[in-house]
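K.L.:
Number of protein chains: 2
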Amino acid sequence: MKNFNPIRGTYDYLPKDAKIREQLRQKILASFQNNGYNLISTPIFEHLELLNSSDGGDNLKLMFKTIKRGDKLDLSRPNLTVADIVEEGLRYDLTVPLARFYANNRDKLPTPFKAIQIDNVFRAERPQKGRNRQFMQCDIDVFGDESINAELELLKTALDTYKKIGFNKLSLKINDRRILNQLVVFAGFKQDEISTVCVSLDKLDKISVTGVMMELIEKGMEAEKINKLVDILNDVLDNGLDCVCKYGVKSDDAENIKYLIKNLNALTDCIYDIKFDVSIVRGQGYYTGTVYEFYADGISSAIGGGGRYDKMVGVMTGVDTPAVGVSIGFERVALLIKENGEQDLKQSLALLYDKDDDILEVFKIKNSLMQKYDVSLYIRPKNMKNFYDKIAEVASCVVSVKDHKEGKEIKNLIKI
Amino acid sequence: MKNFNPIRGTYDYLPKDAKIREQLRQKILASFQNNGYNLISTPIFEHLELLNSSDGGDNLKLMFKTIKRGDKLDLSRPNLTVADIVEEGLRYDLTVPLARFYANNRDKLPTPFKAIQIDNVFRAERPQKGRNRQFMQCDIDVFGDESINAELELLKTALDTYKKIGFNKLSLKINDRRILNQLVVFAGFKQDEISTVCVSLDKLDKISVTGVMMELIEKGMEAEKINKLVDILNDVLDNGLDCVCKYGVKSDDAENIKYLIKNLNALTDCIYDIKFDVSIVRGQGYYTGTVYEFYADGISSAIGGGGRYDKMVGVMTGVDTPAVGVSIGFERVALLIKENGEQDLKQSLALLYDKDDDILEVFKIKNSLMQKYDVSLYIRPKNMKNFYDKIAEVASCVVSVKDHKEGKEIKNLIKI
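Encoded structure:
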């Protein structure tokens, strides 16, 4: 065996990266918990039937599946199909397992139930930068609360959390699928055209209004409707919620978003840029109400998002349950922190000892330093140059037992 | 779909359990880090070639495998074998991935390299109590240090860690495969019989000396050798390290263990029961030196263990690397803590509000309480009895906005 790379599309995390990721995970979790959400955990394996019944779109094609074992696997069977050899699937997101978890345990859970999940999911993406086949998702979801205060607590929690992990400047863009649907219908489109139109609208930020128009024409939509929709959208992009009612949007729907924005601003001392943005669609078909995305300064892709999906749990599990969630883009945030951030990681100290040092004294010194540092013993290496080259992956400073006893200072390792 | 149970052999963790497990994970990790080990992380997927070349024994039979995707999967092929449909395996332990990780990254890592891994592994065990198909392993390993001080730092770290998670009384039983091998050879067995004999000796605590004798006879070993071995073992069980040298054990090997025990006792103020125990074998074939197990008061199975495996990394990766590790039995420890332990979890408060409360005031109260509690908002439910029945899964105390404003005390929920 010569190839020791991790499996294509997956990654090993060396100590520096692993520490950043773990600290990020713990900070996010603590903030979610402090805001009143509850950690749960589900297995990576899921029933194929459930996964296939989910609104997973392309993710279903990217699903990892495990092979049947023992007598259950009969490869000599004629006209073998994939169904004959598959045992179960690996989850491609955390929402499907959460729906199953809730259907299975709702008798033991309060209403509403507010869940935290921070766990790996798996998709057989074509490997490329930023597309991992195993990646961390980081979700809070509320099941069983249809009021806008569910969104208010969720979004306040997300803003708190971003702040705790170092994002002080953020914009939060909020839309509502109900508003969008009404605008699309007002432009003349039929109910069953709404989702096709929304898929194109989702690309507004990438391909602009002209691009969306072209795409809708290609999809065979009528030019008149498209033109009307574009006029409406341009007006709403300029004038926001104040103009939507004249295009048939119920005033309750507009007031809902105003309530959310007003209270979020008040709860966060207006330090964030929080606004209605009709161009926020969120691709997934399952959203039924509010949708939102978080943007950091100077980065064009969202670093988090979510929305309300009041139908999904019912369709999938037969248990009608209003649901709303926020997801923090863990992998993207981890990369940003790695690239830009000063981390307040606890300092790691390499404590060098010599063969003839009294080992009990060595440990006594280690113990005393452990109050301030994470401390690791290293026998003084023969090749100090080589040692210094590599120790920075695991330690931020170094001192020898001898120097420490003589009162010499602990050396900080130059940041590489 | 009617069955919302998790996949057979796996578990959902509800908020109370998930919180205990997460706190345990964080405490163990913090202790490992403070003692100078470095968190790394590898994917759950591994190269089949690597897994199959590992000394995995039965675990290889229990391995989960994923199915090839797209054009790579050709089910119409004649004489189809498992190899034709398999893409990769899921790791069945953390040692195989660590060996690959080290072979792949050793140019970037210091020597010795001290790794922490706390992650899920997967085995298709026949589901029964305590046998999960997905379970957490919790390992520290040192690669590239053949000195006994590697064991000293490892075992000191493990004892520290058990203390931090609540185990104040522990016994640590230490043996050395080199000593065991020399005793077996002295009894007359041949080099190539050693491992067979050791497999039986591993059952000493379960089937006693007589049982081991019976088993060795069944395996076709000569009665004379067996009797001699039993005499030797009985003497060593009674008299410990002081008598091993008369059975051909090198004095260096005995001194090694004495050094370890003496210094561990000194470093832990003799509060633990740390002793040489010739009956500790550890089943795995790959151990080459020290082996050890941790036992908690009143529990017959080990709650952790490990040993030295100086050949494994070389055999598997071609990179000769002395290696030694300790594993804390996360799942067993989590169960014990759940059954017996008082946990010092941060208190969770359910804050009830009424529809006509000022929502900004509600959040202001929530924020002020978040300094002491994890706080979650709940609209005052219509059915208080039902609410109280279920809220205990997620909260340890409850108060309403109205009562709080009137200065009433926060109610602790009766422990269920």
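Residue numbers (the working numbering), protein chains in the order written: chain U, 24 to 439; chain W, 24 to 439.
Every residue, glycine too, gets a C-beta built ideally from N, C-alpha and C.
1. Would you say Ile414/W and Leu436/W are within 8 Å of each other, going by their C-beta atoms?
2. Rounded to whole angstroms, what is the Cα-Cα separation between Ile163/W and Thr89/W?
3. Say whether chain W places a C-beta atom closer than 8 Å to the C-beta of Phe317/U.
4. Which residues in the same chain as Gly329/U place their Cβ atom closer than 7 Å to its Cβ, once the five residues preceding and following it in sequence are excluded?
5. With DSSP as the reference, please indicate the residues paired to Leu374/W in a beta bridge.
6. Pairing CB atoms from the segment 80 to 100 of chain W with CB atoms from the segment 194 to 206 of chain W, are three or more of them under 8 Å?
7. What is the rounded straight-line gap between the Cα of Lys42/U and the Cα of Leu264/W?
8. Could one say the Cβ of Asn286/W lies closer than 8 Å to chain U's Cβ atoms, at least one of them?
9. Please report the distance separating the alpha-carbon of Lys438/U from that of Ser419/U.
10. What does Gly59/U touch in chain W if you count any residue whose Cβ is under 7 Å from its own?
11. Within a Cβ cutoff of 8 Å, which residues of the same chain sit near Asn286/U, ignoring the five residues on either side of it in sequence?
12. Whose Cβ in chain W lies nearer than 9 Å to the Cβ of Lys187/U?
13. Please identify the residue among Phe212/W, Ala319/W and Tyr282/W whose C-alpha is closest to the C-alpha of Lys248/W.
14. Report the neighbours of Val338/W on chain U: residues whose CB is nearer than 9 Å to its CB, in chain order.
15. For the beta strand (DSSP E) holding Gly315/U, just list the boundary residues, first then last.
16. Are Ala319/W and Leu359/W close, meaning C-beta to C-beta below 8 Å?
17. What does Ser419/U reach in chain W if we use C-beta pairs closer than 7 Å?
18. Beta carbons nearer than 7 Å to chain B: which residues of the segment 405 to 417 of chain W have them?
19. Per DSSP, Ser350/U forms a beta bridge with which residues?
20. Restricting to Cα atoms, I'd like to know which of Arg149/W, Asn198/W, Ile108/W and Asp300/W is closest to Leu85/W.
21. Check whether the Cβ atoms of Asp333/W and Gly312/W sit closer than 8 Å, and answer yes or no.
22. For Met393/W, return the contacting residues in chain U, with the cut-off set at a CB-CB distance below 8 Å.
23. Can you check which of these residues, Leu71/W, Pro133/W, Ser77/W and Met236/W, is closest to Val421/U by C-alpha distance?
24. Quick one: does Val109/W have its CB under 8 Å from some CB of chain U?
25. How long is the line joining the alpha carbons of Ile284/W and Leu113/U, rounded to whole angstroms?
26. Does any residue of chain W have a CB that is nearer than 8 Å to the CB of Thr233/U?
27. Exposed or buried, which one is Leu250/U when buried takes at least 16 other CB atoms within 10 Å?
28. Who pairs with Asp258/W in a beta bridge, going by DSSP?
29. To be precise: take each residue of the segment 114 to 126 of chain W, compare its Cβ to all Cβ atoms of chain U, and keep it if any distance is under 7 Å. Which residues remain?
30. Name the residues in the segment 249 to 270 of chain U whose C-beta lies less than 7 Å from a C-beta of chain W; which are they?
31. What are the boundary residues of the alpha helix (DSSP H) that Phe299/U is part of?
32. Can you tell me whether DSSP reads Lys438/U as helix, strand or coil?
33. Given this structure, state the Cα-to-Cα distance separating Glu384/U from Tyr376/U, to the nearest angstrom.
34. Which value, in whole angstroms, describes the spacing of the CA atoms of Ile277/W and Lys269/W?
35. Work out the CA separation of Lys389/U and Asn57/W for me, nearest whole Å.
36. On the criterion of 16 or more Cβ atoms from any shown chain inside 10 Å, does Met335/U qualify as buried, or is it exposed?
P.N.:
Let me spell this out:
1. The residue you call residue 414/W lines up with position 391 of the second sequence. The residue you call residue 436/W lines up with position 413 of the second sequence. Taking 8 Å as the Cβ cut-off, Ile414/W and Leu436/W qualify as a contacting pair.
2. By one-based count along the second sequence, residue 163/W stands at place 140. By one-based count along the second sequence, residue 89/W stands at place 66. If you take the alpha carbons of Ile163/W and Thr89/W, they lie about 28 Å apart.
3. Counting from one through the first sequence, the residue named residue 317/U turns up at place 294. Closer than 8 Å: no.
4. Within the first sequence, numbered from 1, the residue matching residue 329/U stands at position 306. Cβ neighbours of Gly329/U beyond the five flanking positions: Tyr315, Gly348, Val349 and Ser350.
5. By one-based count along the second sequence, residue 374/W stands at place 351. Paired residue(s): Leu400/W and Val422/W.
6. no
7. Along the first sequence, one-based indexing puts residue 42/U at 19. Along the second sequence, one-based indexing puts residue 264/W at 241. Distance between the alpha carbons of Lys42/U and Leu264/W is about 42 Å.
8. Start at 1 with the first residue of the second sequence, and residue 286/W comes out as number 263. For Asn286/W, the answer is yes, since a Cβ of chain U falls inside 8 Å of its Cβ.
9. Indexing the first sequence from 1 puts residue 438/U at position 415. Indexing the first sequence from 1 puts residue 419/U at position 396. Residue confidence for Lys438/U is low, a pLDDT of 49 falling below 50, so the modelled location carries little weight and cannot support an answer.
10. The residue given as residue 59/U occupies position 36 in the first sequence. Taking a Cβ-Cβ cut-off of 7 Å, the neighbours of Gly59/U in chain W comprise Asp397, Val398, Ser399 and Leu400, given in sequence order.
11. As a working mapping, residue 286/U is identified with position 263 in the first sequence. Excluding positions up to five away in sequence, the list reads Leu175.
12. Residue 187/U sits at position 164 when you count from the first residue of the first sequence. None at all; the shortest Cβ gap to chain W is about 12 Å.
13. In the second sequence, counting from the first residue as 1, residue 248/W sits at position 225. The shortest C-alpha separation from Lys248/W is found at Phe212/W.
14. Start at 1 with the first residue of the second sequence, and residue 338/W comes out as number 315. Within 9 Å Cβ-Cβ: nothing; Val338/W doesn't reach chain U, min ~11 Å.
15. Stepping through the first sequence from its first residue, residue 315/U is reached at position 292. Per the sequence presented here, residue 315/U reads as Tyr, with Gly not at that position. Thr313 to Ala319 is the extent of the beta strand (DSSP E) around Tyr315/U.
16. For the purposes of this step, residue 319/W is taken as residue 296 along the second sequence, with counting starting at 1. For the purposes of this step, residue 359/W is taken as residue 336 along the second sequence, with counting starting at 1. Yes; because the gap between Cβ atoms is below 8 Å, this pair is in contact.
17. Here residue 419/U is taken as the residue at index 396 of the first sequence, counted from 1. By Cβ distance, chain W contributes nothing, its closest Cβ being about 12 Å from Ser419/U, past 7 Å.
18. Here the protein chains are U and W, and chain B is not one of them.
19. As a first step, residue 350/U must be located in the first sequence, where it is residue number 327. Note: Ser350/U sits in a beta bridge opposite Asp162/U and Gly328/U.
20. For this step, residue 85/W is matched to residue 62 along the second sequence. Taking only the C-alpha atoms, the option nearest Leu85/W is Arg149/W.
21. Walking along the second sequence from the start, residue 333/W turns up at place 310. Walking along the second sequence from the start, residue 312/W turns up at place 289. In this structure, Gly312/W lies closer than 8 Å to Asp333/W by Cβ.
22. Counted from its first residue, the second sequence places residue 393/W at position 370. Neighbours of Met393/W on chain U, chain order: Asn57 and Asn58.
23. Position 398 of the first sequence, counting from 1, holds the residue named residue 421/U. Measuring from the Cα of Val421/U, the nearest candidate turns out to be Pro133/W.
24. As a first step, residue 109/W is located in the second sequence; it is residue number 86 there, counting from the start. Yes, Val109/W lies at the interface with chain U (some Cβ there is under 8 Å from its Cβ).
25. As a first step, residue 284/W must be located in the second sequence, where it is residue number 261. As a first step, residue 113/U must be located in the first sequence, where it is residue number 90. Looking at the two C-alpha atoms, the distance is approximately 46 Å.
26. Here residue 233/U refers to the residue found at position 210 of the first sequence. False, the Cβ-Cβ gap to chain W never drops below 8 Å.
27. Along the first sequence, one-based indexing puts residue 250/U at 227. The sequence shown places Asn at residue 250/U, rather than the Leu named in the question. So Asn250/U counts as exposed.
28. Within the second sequence, numbered from 1, the residue matching residue 258/W stands at position 235. Beta-bridge pairing links Asp258/W to no other residue.
29. Arg123, Phe124 and Ala126
30. none
31. Here the question's residue 299/U lines up with position 276 in the first sequence. Element bounds for Phe299/U: not the alpha helix (DSSP H) but the beta strand (DSSP E), Asp296 to Phe299.
32. Numbered from 1 along the first sequence, position 415 holds the residue referred to as residue 438/U. No answer about Lys438/U holds up, because its pLDDT of 49 lies below 50 and its placement is not dependable.
33. Here residue 384/U refers to the residue found at position 361 when the first sequence is read from its first residue. Here residue 376/U refers to the residue found at position 353 when the first sequence is read from its first residue. Looking at the two C-alpha atoms, the distance is approximately 10 Å.
34. By one-based count along the second sequence, residue 277/W stands at place 254. By one-based count along the second sequence, residue 269/W stands at place 246. In the sequence under discussion, the amino acid at residue 277/W is Ala, which differs from the Ile named in the question. The alpha-carbon separation between Ala277/W and Lys269/W amounts to approximately 11 Å.
35. Reading the second sequence from its first residue, position 34 is the one you call residue 57/W. Reading the first sequence from its first residue, position 366 is the one you call residue 389/U. So the alpha carbons of these two residues sit roughly 10 Å apart.
36. Taking the first sequence and counting its residues from 1, one reaches residue 335/U at position 312. Looking at its Cβ environment, which holds 16 or more other Cβ atoms inside 10 Å, Met335/U is buried.
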